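Trainee: A single structure is presented below for examination.
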Amino acid sequence: MAVVEGSLHQQEETVSRRIVGIKELVDAGLHAVPPLYVRPPHERPAFSLLAAPTADHPQYCIPTIDLTALASDRRDDAARNQVIRELGCACEEWGFFQVVNHGVELAVIQRLREAARRFFNQPAEERMRFHSQNFRSPVGYSTSFNPAVEKVREWRDTLSINRFPGICNGFQEPPEICKKEVQEYIGGVEALAGRLYKAIYESLGFDKEYIEREVPSIPRLLMGINYYPPCPDPSLTLGLSGHSDVSCLTILHPDVVPGLEIKYKGTWVPVVPADPSAFVVNLADQTEILTNGKYKSIEHRVVTNGEKPRMSIACFFGPLEETMVGPLPTLVDESNPPRYKPTKFKDYTDNFASNRLLSDRGTLDFARI
Ligand SMILES: O=C(O)CCC(=O)C(=O)O
Ligand SMILES: [Fe+2]
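FYI, in UniProt numbering the residues of the sequence shown are 1 to 369.
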C-alpha cells in the first residue's frame, strides 16, 4: 500500500501529531500509514532476511530451555547443572533464549493479558488519565518512545508500571482495572528473574558467595505492556525500532502474534514462541558490561502485523540507580582488558532516554572504553 498523498496526507499528519496514541488513530479508521510513522527505507522491515525460522533453518531458532530442574537449589544436582550449562551456551551464543516450565502459571499470565486488554480497550479518556512520557513515573501511559523529539514514531502505545527503589517504591498505583493481575504477575516473574539471574552468573563458574558479594542485585523493575495495533502496511513502519535493553535482564511474554525480531549475525531473525506459556529472556546492557562482553546485549525490534493487534509484556530488571556498574574483576586481566568503564546506572539510563533515537548502539557506547 502506498503512502497517502495530498490533502488526505496533510489531514492525517495533523491528526497524528495531535493524537497521543496510535491506537486512537487506528480506532478512528486508517487506510494508510501516516507519514509520521513511515521509516526511512534502510530501517524498514523488508531488510529482514528470513520469513520465519523453521525446521529448515534450526540455526536461526533461539534456544528453548526447560527450567524444571532449576527449582532445585542443590549445586550437586546433575539435571540442574545441565540447565546451567544450557543457559551459559545460550547467553554466549545468542543473548536471547526462551524458557518453559519456568514456575509462573499460565493462568497468571493469561489473567494479566486479559486485564491489560481491558485497559487498552477502555475509552481513550480513561487511558489518558495515566498519560506520562516520563519513564520514571510510577505509572505511565505513553506512545512511541519520545514523540516530542522523534522524527518518525513507533507504532505502539505502552502502559508502564515501575518500582524504582528510592524513586517510586511500590506498585500501589497501577490502574484499578489491572492492578490485582499486575501484582500477581510481578510476584511470579520476579521470583523467576531472581533464579535466572543467579543461574546466569553460576554459568560463568561463580559460587554463591562471589555472586552475592560482587554481582549487583536487581530490585529495580520496569514493566512495559506494549500494545501494537494492526497496521495498514507493515512494510513501512516498526512497532519498536532497533535497540538493546538497558537493564540487566528482561523477561518478556511475547504474544502468539509474531513481531519480535533479533539481530543475529547481521540478520533480523523472528522469534517464534515455543508455546503460549513460554517467556523470552534476554540479557541487557548492564549484563554485557558486567561480563566484559562475554555475554551480549542483543539488538532487537518489533515489526507490525497487518491484521491483528499484538500485545507484549516486558519486565526489565536492573540495579538501584546509584549503583556503579563495571566489568566484574574476575573477568578482566592483562589478556582480557576492560572494555567498559564503571558507570552509574542512573547516568546510563539518562543517556539512554536522551540518545536512544540517535544511534542503534549508542547506549552501550556510553560506557565503552
Ligand atoms: O514487543 C516485544 O516483543 C518486545 C518489546 C521490547 O523489546 C521492549 O519493550 O523493550
Ligand atoms: Fe527491548
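We put the beta carbon where it would ideally sit given N, CA and C, even for glycine. From a predicted model like this one, the values you see are computed outputs, not experimental measurements.
With a CB to CB cut of under 8 angstroms and the five nearest residues on each side skipped, what residues in its chain are close to Ala284?
Mentor: As a first step, residue 284 is located in the sequence shown; it is residue number 284 there, counting from the start. Excluding residues within five positions, the ones whose Cβ falls inside 8 angstroms are Ser244, Asp245, Val246, Ser247, Cys248, Leu249, Thr250, Ser297, Phe316, Gly318.
Trainee: Return the CA-CA distance between Phe135 and Gln82, expressed in angstroms with no decimal places.
Mentor: Against the sequence shown, residue 135 aligns to sequence position 135. Against the sequence shown, residue 82 aligns to sequence position 82. Approximately 38 angstroms between the Cα atoms of the pair.
Trainee: Does the distance between the C-beta of residue 444 and the nearest non-hydrogen atom of ligand 2 fall short of 8 angstroms?
Mentor: The question about residue 444 has no answer here: the residues shown for the chain are numbered 1 through 369.
Trainee: With 16 other CB atoms within 10 Å as the buried threshold, where does Glu5 fall?
Mentor: As a first step, residue 5 must be located in the sequence shown, where it is residue number 5. Confidence at Glu5 is low in this model, with a pLDDT of 43, below 50, so the placement of that residue should be treated as unreliable; the coordinate-derived value is given next. Glu5 should be labelled exposed.
Trainee: Quick check on Cys89: buried or exposed, where buried means 16 or more other Cβ atoms within 10 Å of its Cβ?
Mentor: What you label residue 89 is simply residue 89 of the sequence shown in a count that begins at 1. Its Cβ having fewer than 16 others within 10 Å, Cys89 is exposed.
Trainee: Compute every distance between the C-beta of Asn226 and the non-hydrogen atoms of ligand 1, then say whether any falls below 8 angstroms.
Mentor: Taking the first residue of the sequence shown as position 1, residue 226 is located at position 226. Answer for Asn226: yes, Cβ within range of ligand 1.
Trainee: In chain order, what residues of the same chain have a beta carbon less than 7 angstroms from the beta carbon of Thr287, not counting five sequence neighbours either side?
Mentor: Within the sequence shown, residue 287 is the residue found at index 287, counting from 1. Closer than 7 angstroms at Cβ, skipping near neighbours: Cys248, Leu249, Tyr295, Ser297.
Trainee: Kindly indicate the opening and closing residues of the alpha helix (DSSP H) around Cys91.
Mentor: Taking the first residue of the sequence shown as 1, we reach residue 91 at position 91. Note, Cys91: alpha helix (DSSP H), 78-93.
Trainee: I believe Ser132 touches Ser144 by the beta-carbon criterion, under 8 angstroms. Please report the beta-carbon distance rounded to the nearest angstrom.
Mentor: As a working mapping, residue 132 is identified with position 132 in the sequence shown. As a working mapping, residue 144 is identified with position 144 in the sequence shown. Wrong, their Cβ atoms sit about 13 angstroms apart, outside the cutoff.
Trainee: Have a look at Glu202 and Leu70 and give me their C-alpha separation to the nearest angstrom.
Mentor: The residue labelled residue 202 in the question sits at position 202 within the sequence shown. The residue labelled residue 70 in the question sits at position 70 within the sequence shown. Cα to Cα, the separation comes out at about 12 angstroms.
Trainee: When you measure from the CB of Asn101 to every non-hydrogen atom of ligand 2, does any distance come out below 8 angstroms?
Mentor: Residue numbering aside, residue 101 sits at position 101 when the sequence shown is read from its first letter. Checking the Cβ of Asn101 against ligand 2 gives no.
Trainee: Using 9 angstroms as the limit for Cβ to Cβ distance, is Ser354 near chain C?
Mentor: Judged by its chain identifiers, the structure shown contains no chain C, having just a single protein chain.
Trainee: What does Ile368 pair with, by DSSP beta-bridge criteria?
Mentor: Counting from 1 along the sequence shown, the entry for residue 368 is found at position 368. Note on residue identity: the sequence assigns Arg, not Ile, to residue 368. Tyr340, per the DSSP bridge assignment.
Trainee: Measure the alpha-carbon distance for Val256 versus Pro309 and round it to whole angstroms.
Mentor: Counting from one through the sequence shown, the residue named residue 256 turns up at place 256. Counting from one through the sequence shown, the residue named residue 309 turns up at place 309. The alpha-carbon atoms of Val256 and Pro309 are separated by roughly 11 angstroms.
Trainee: Express the C-alpha separation of Glu321 and Arg156 in angstroms, rounding to a whole number.
Mentor: Reading the sequence shown from its first residue, position 156 is the one you call residue 156. Reading the sequence shown from its first residue, position 321 is the one you call residue 321. One C-alpha to the other measures close to 27 angstroms.
Trainee: With a threshold of 8 angstroms, are at least 3 pairs of Cβ atoms found where one atom belongs to the region 268-283 and the other to the region 101-121?
Mentor: Taking 8 angstroms as the limit for Cβ pairs, the verdict is that the region 101-121 does touch the region 268-283.
Trainee: Let me confirm a value: Lys208 is counted as buried when at least 16 other C-beta atoms fall within 10 Å, else exposed. Which label applies?
Mentor: The count along the sequence shown starts at 1 and reaches residue 208 at position 208. Lys208 comes out exposed.
Trainee: Please state whether DSSP places Leu320 in a helix, a strand or coil.
Mentor: Along the sequence shown, read from residue 1 onward, the residue named residue 320 stands at position 320. Leu320: coil per DSSP, three-state reduction.
Trainee: Which residues does DSSP pair with Leu252 in a beta bridge?
Mentor: Your numbering for residue 252 matches position 252 in the sequence shown. Answer is Val280, Ala314.
Trainee: When DSSP labels each residue in this structure, what does Val3 get in the three-state scheme?
Mentor: As a first step, residue 3 must be located in the sequence shown, where it is residue number 3. Note that Val3 scores a pLDDT of 42, beneath 50, so its modelled location is shaky; the value from the coordinates is reported in the next line. Reduced to three states, the DSSP call for Val3 is coil.
Trainee: Quick check: does the Cβ of His253 come within less than 8 angstroms of any heavy atom belonging to ligand 2?
Mentor: Numbered from 1 along the sequence shown, position 253 holds the residue referred to as residue 253. False, no ligand heavy atom lies under 8 angstroms from that Cβ.
Trainee: From Pro165 to Leu221, what does the alpha carbon distance come to, in whole angstroms?
Mentor: For this step, residue 165 is matched to residue 165 along the sequence shown. For this step, residue 221 is matched to residue 221 along the sequence shown. So the alpha carbons of these two residues sit roughly 9 angstroms apart.
Trainee: Please report how far the alpha carbon of Gly188 lies from the alpha carbon of Asp347, in whole angstroms.
Mentor: For the purposes of this step, residue 188 is taken as residue 188 along the sequence shown, with counting starting at 1. For the purposes of this step, residue 347 is taken as residue 347 along the sequence shown, with counting starting at 1. Each residue's alpha carbon lies about 30 angstroms from the other.
Trainee: For Ala191, does the count of other Cβ atoms within 10 angstroms reach 16, so buried, or fall short, so exposed?
Mentor: Locating residue 191 in the sequence shown gives position 191, where the first residue counts as 1. Classification for Ala191: exposed.
Trainee: In whole angstroms, what is the alpha-carbon distance linking Met223 and Phe130?
Mentor: One-based indexing of the sequence shown puts residue 223 at position 223. One-based indexing of the sequence shown puts residue 130 at position 130. Cα-Cα distance, rounded: 15 angstroms.
Trainee: With hydrogens ignored, establish whether the beta-carbon of His300 is closer than 8 angstroms to any heavy atom of ligand 2.
Mentor: Here the question's residue 300 lines up with position 300 in the sequence shown. Checking every heavy atom of ligand 2 against the Cβ of His300, one is found closer than 8 angstroms.
Trainee: Should Ser311 be labelled buried (16 or more other beta-carbon atoms within 10 Å of its own) or exposed?
Mentor: Taking the first residue of the sequence shown as 1, we reach residue 311 at position 311. It is worth fixing the name first, because residue 311 is Met in this sequence and not Ser. Buried, since its Cβ has 16 or more Cβ neighbours within 10 Å.
Trainee: Please report the straight-line C-alpha distance between Thr349 and Thr330, rounded to a whole angstrom.
Mentor: Residue 349 sits at position 349 when you count from the first residue of the sequence shown. Residue 330 sits at position 330 when you count from the first residue of the sequence shown. Rounded to whole angstroms, Thr349 to Thr330 spans 26 angstroms at the Cα level.
Trainee: Is the distance from the Cβ of Val271 to the Cβ of Ile65 below 9 angstroms?
Mentor: Taking the sequence shown and counting its residues from 1, the one referred to as residue 271 is at position 271. Taking the sequence shown and counting its residues from 1, the one referred to as residue 65 is at position 65. Contact flag unset, no.
Trainee: Looking only at its own chain, which residues have a Cβ that is under 8 angstroms from the Cβ of Pro234, when we skip the five neighbours before and after it?
Mentor: For the purposes of this step, residue 234 is identified with residue 234 of the sequence shown, where counting begins at 1. Excluding positions up to five away in sequence, the list reads Pro45, Val303, Thr304, Asn305, Gly306.
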